[in-house]
Amino acid sequence: MDFVPNVFIERVTSILSLRTLDDVRRRKATLGRWFSAHRSNKALVLHIAFSDGKKYYGCQPAGRTSGRTFRLQEVLPFWDNATCYAILVSIRARLWKDFHPMSDNDFATLKKMISRQRLRIESVVKMISRQRHRIECVVVGEMEGLKDNVAEILEVCGGVDQLQIRSNRDIAPIAPTVKKLILDGGVYSLRMHQKSCPDWLLPTLTKQVQAGLLSYIYLELDENEVEVYESLIRMAVKHILEQEHGYYSLLYPTKYTHLLGQLQSALKYVSSEKTKQGQRSHYSHPGKESTVVCTRKESTVVCTSRSDNVSFTYEWRKHKP
Numbered sequence: 200m201d202f203v204p205n206v207f208i209e210r211v212t213s214i215l216s217l218r219t220l221d222d223v224r225r226r227k228a229t230l231g232r233w234f235s236a237h238r239s240n241k242a243l244v245l246h247i248a249f250s251d252g253k254k255y256y257g258c259q260p261a262g263r264t265s266g267r268t269f270r271l272q273e274v275l276p277f278w279d280n281a282t283c284y285a286i287l288v289s290i291r292a293r294l295w296k297d298f299h300p301m302s303d304n305d306f307a308t309l310k311k312m313i314s315r316q317r318l319r320i321e322s323v324v325k326m327i328s329r330q331r332h333r334i335e336c337v338v339v340g341e342m343e344g345l346k347d348n349v350a351e352i353l354e355v356c357g358g359v360d361q362l363q364i365r366s367n368r369d370i371a372p373i374a375p376t377v378k379k380l381i382l383d384g385g386v387y388s389l390r391m392h393q394k395s396c397p398d399w400l401l402p403t404l405t406k407q408v409q410a411g412l413l414s415y416i417y418l419e420l421d422e423n424e425v426e427v428y429e430s431l432i433r434m435a436v437k438h439i440l441e442q443e444h445g446y447y448s449l450l451y452p453t454k455y456t457h458l459l460g461q462l463q464s465a466l467k468y469v470s471s472e473k474t475k476q477g478q479r480s481h482y483s484h485p486g487k488e489s490t491v492v493c494t495r496k497e498s499t500v501v502c503t504s505r506s507d508n509v510s511f512t513y514e515w516r517k518h519k520p
């Protein structure tokens with residue numbers, strides 16, 4: 200017998216949607232695979248917003264930027280971290296038109312579900328019911344008024360592997376939580392849009408890069424943060440010269456080109472080209488199958504409207520792409 204037995208249907212009727220219940224009763228789903236009958240059997244993007252002391256949420260299938268959003272009542276019964284899970288949590292200070300009000304009980308339930316997603320799926324073989332998923336977390340907008348809630352969510356996101364903070368406000372209120380997430384070794388990709396660099400950030404990033412845990416860094420800071428940019432580029436140059444990996448990519452502001460002298464003299468030049476980002480040069484380690492891409496960013500104009508910000512990007516991989 201591979202269909203779902205009636206005794207099982209009777210026990211789960213109260214938690215199934217009408218659509219799923221109909222599919223199960225018509226034997227469109229088989230025992231052990233009946234979750235596939237539900238439309239929410241997929242990765243979800245969860246948006247959480249705080250406005251005027253109230254909490255709101257929006258829940259969409261991953262990869263969709265518009266269209267119908269799910270209600271929590273539709274998703275929570277199927278959120279089992281294997282067939283239905285949050286792949287991205289976005290924390291916002293502004294509401295979207297499709298956001299829904301959220302009670303304190305709903306918020307507590309969401310935090311509980313998020314906290315269970317600890318481990319990242321590494322291969323199809325490991326995609327079993329008990330496998331837990333890691334989360335990409337994005338913080339957008341004003342920090343003031345959100346700091347307690349943001350820190351609260353970040354603390355339960357023990358499985359964050361991609362962290363983005365897009366706010367020009369001081370992140371000091373949530374700094375301890377952010378620092379802990381990075382130092383715990385779970386974050387492999389970090390994007391920050393900040394006016395200034397916290398004192399703890401540089402040594403933290405350097406430590407994680409050297410440990411082979413942090414493999415992608417994007418920082419957008421005020422162009423007057425000269426010492427920070429110099430330190431970041433020196434860190435990247437030192438890491439590249441260690442010749443431990445197969446692929447490196449460095450994007451830096453033009454004014455810091457002189458800091459790459461040691462790198463350029465130690466590497467084998469391959470080719471160069473002009474791109475939208477700027478002049479891109481390709482190198483390799485002498486005698487090794489490696490790729491080093493250095494891009495000199497010609498313009499200070501970045502993805503935001505602030506023209507006094509410049510960006511730095513460093514990425515490495517164990518093998519060439």
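My numbering puts the sequence shown at residues 200 to 520. All C-beta atoms in this analysis are idealised placements derived from N, C-alpha and C, irrespective of residue type, glycine included.
query = Along the chain, where does the beta strand (DSSP E) that runs through Gln-363 open and close?
reply = One-based indexing of the sequence shown puts residue 363 at position 164. Taken as a continuous stretch (DSSP letters only), the beta strand (DSSP E) holding Gln-363 covers 359–365.
key: Helix, strand or coil at Pro-372 according to DSSP, with G and I counted as helix   = Numbered from its first residue, the sequence shown carries residue 372 at position 173. Three-state DSSP puts Pro-372 in a helix.
task = Please determine, among His-484, Lys-310, Arg-516 and Gln-272, the residue with the shortest C-alpha to C-alpha distance to Ser-414.
result = Counted from its first residue, the sequence shown places residue 414 at position 215. Of His-484, Lys-310, Arg-516 and Gln-272, the residue nearest in Cα terms is Arg-516.
message = Looking only at its chain, what residues have a beta carbon closer than 6 Å to the beta carbon of Leu-401, apart from the 5 residues adjacent to it on each side?
response = For the purposes of this step, residue 401 is taken as the residue at position 202 of the sequence shown. Correct list, in chain order: Ser-430.
request  = Since I believe Asp-360 is in contact with Ser-385 (beta carbons under 8 Å), could you give me their beta-carbon distance rounded to a whole number of angstroms?
outcome  = Along the sequence shown, read from residue 1 onward, the residue named residue 385 stands at position 186. Along the sequence shown, read from residue 1 onward, the residue named residue 360 stands at position 161. The identity of residue 385 in the sequence shown is Gly, whereas the question assumes Ser. Their Cβ separation, rounded to whole angstroms, is 6 Å, which keeps Gly-385 and Asp-360 in contact under 8 Å.
query = So which of Pro-485, Val-427, Pro-452 and Ser-483 has the shortest CA-CA distance to Leu-404?
reply = Position 205 of the sequence shown, counted from the start, is the residue given in the question as residue 404. When each option's Cα is compared against that of Leu-404, the closest is Val-427.
ask   = Under the three-state reduction of DSSP, which class applies to Asp-297: helix, strand or coil?
value = Within the sequence shown, residue 297 is the residue found at index 98, counting from 1. Asp-297 falls in the coil class under three-state DSSP.
key: Contact check, Tyr-447 vs Ser-489, beta carbons under 9 Å   = Taking the first residue of the sequence shown as position 1, residue 447 is located at position 248. Taking the first residue of the sequence shown as position 1, residue 489 is located at position 290. Going by C-beta atoms, Tyr-447 is nearer than 9 Å to Ser-489.
request  = Report, in whole angstroms, the separation of the C-beta atoms of Tyr-451 and Ile-432, which I expect to be a contact under 8 Å.
outcome  = Stepping through the sequence shown from its first residue, residue 451 is reached at position 252. Stepping through the sequence shown from its first residue, residue 432 is reached at position 233. 5 Å between Cβ atoms; contact.
ask   = With a CB to CB cut of under 6 Å and the five nearest residues on each side skipped, what residues in its chain are close to Arg-479?
value = Mapped onto the sequence shown, residue 479 falls at position 280. Once the five neighbours on either side are set aside, the close Cβ partners of Arg-479 are Glu-472 and Thr-494.
query = CB Val-425 to CB Leu-458, shorter than 9 Å?
reply = Locating residue 425 in the sequence shown gives position 226, where the first residue counts as 1. Locating residue 458 in the sequence shown gives position 259, where the first residue counts as 1. In this structure, Leu-458 does not lie closer than 9 Å to Val-425 by Cβ.
Close-in-space but distant-in-sequence residues of the same chain around Lys-254 (CB under 6 Å, 5 per side omitted) = Residue 254 sits at position 55 when you count from the first residue of the sequence shown. Met-301 and Phe-306, listed in sequence order.
query = To the nearest angstrom, how far is it from the Cα of Val-469 to the Cα of His-484?
reply = Position 270 of the sequence shown, counted from the first residue, corresponds to residue 469. Position 285 of the sequence shown, counted from the first residue, corresponds to residue 484. Each residue's alpha carbon lies about 10 Å from the other.
key: Nonlocal neighbours in the same chain, by C-beta distance under 6 Å from Tyr-417, ignoring five residues either side   = Translated into the one-based positions of the sequence shown, residue 417 becomes position 218. So the list reads Arg-390 and Thr-512, once near-sequence residues are dropped.
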